[in-house]
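Remarks on the structure that follows.
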Amino acid sequence: MDLNGKSAVVTGGAMGIGKACAVELARAGCRVTVADLNEEEGKRTAEEIGGLFVKTDIGSEADVDHLYETVKQHFGGTDILVNNAAIQTDISFEETTPASFKKVIDTNLYGTFLMISVFSREMKPGSTILNMLSVHYEQPRLNKFAYDASKAGIAMLTKETALALSSKGITVNGISYGAVRTPMNAEWCDDPVKSAGVRKNIPLGWIAEAEEIAVYVKVILESFSEHATGSIFTIDGGRRLK
């Protein structure tokens, strides 16, 4: 795909991996819409890249409809959708309440479904959707099971929607990444002991920067988005091998 002039929507685009993706796609010539609940950082990112910011809760049908109509009004539609927005909790199973579990699922899994459902209605053939996953969609761990369960759901949603949308010429793929230095992960990234423990599980030995994931996103869009669909591409420093 030639990215120049394409309309791209990045959810969770205010900070972290989402911001890095927004910056990278804008650099490649895309007209980027940053969708995020963080209005201050979202506006700052949009201004930095010359893009559009729309305050959005992806778990809200009204918000997603508003985002869709706004993008359509400004850019005529959407060629690229990057579903990146997500929240997570760090809490034991015993301490997890139904409400806290539901909040993660409603944002991460339901929100991704809602974005695909609304935006794919008028996407043209050749358009593409990328869902951001995690190596933990298939590797369990303690205290983050709500987030991990949501990512496992998104992995299957990726394959199911790829099948469903193939007749419309829309491709849907996922990106599974490992440990990445982001504001969401600041608690352990900034702790020398905890970060050292994470690096032990990465064969290549380092924690990725958000920009590395963004470059991978651009490469997939440029080189693999036309024929690959229902695929999950992995960039994790070998984390899945342990």
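Under this note's numbering, the first residue of the sequence shown carries the number 1, and numbering increases by one thereafter. Note that CB positions come from ideal geometry on N, CA and C, so glycine has one too. Predicted, not measured: the structure shown is a model, and the values here were computed from it.
- When DSSP reads this structure, F75 sits in no beta bridge, so it has no partner.
- In this structure R141 is exposed. Its beta-carbon is surrounded by fewer than 16 other beta-carbon atoms within 10 angstroms.
- Straight across, the Cα-Cα distance linking S117 with T96 is about 29 Å.
- In the three-state reduction of the DSSP assignment, M1 falls in the coil class, being assigned neither a helical nor a strand state.
- Here K55 has E39 as same chain residues with Cβ atoms under 6 Å from its own Cβ, once five neighbours each way along the sequence are excluded.
- Rounded to the nearest angstrom, the gap between the Cα atoms of L163 and N173 is 11 Å.
- Linking S231 to I80 through their CA atoms gives a straight-line distance of about 16 Å.
- Taken through DSSP and simplified to helix, strand or coil, N108 comes out as helix.
- Of the residues assessed, G237 falls on the buried side of the cut-off, its CB having 16 or more other CB atoms within 10 angstroms.
- Remark: three or more beta-carbon pairs, one from each stretch, lie closer than 8 Å, so the stretch 140 to 156 and the stretch 93 to 110 are flagged as touching.
- If you draw a straight line from the Cα of N201 to the Cα of R239, it is about 6 Å long.
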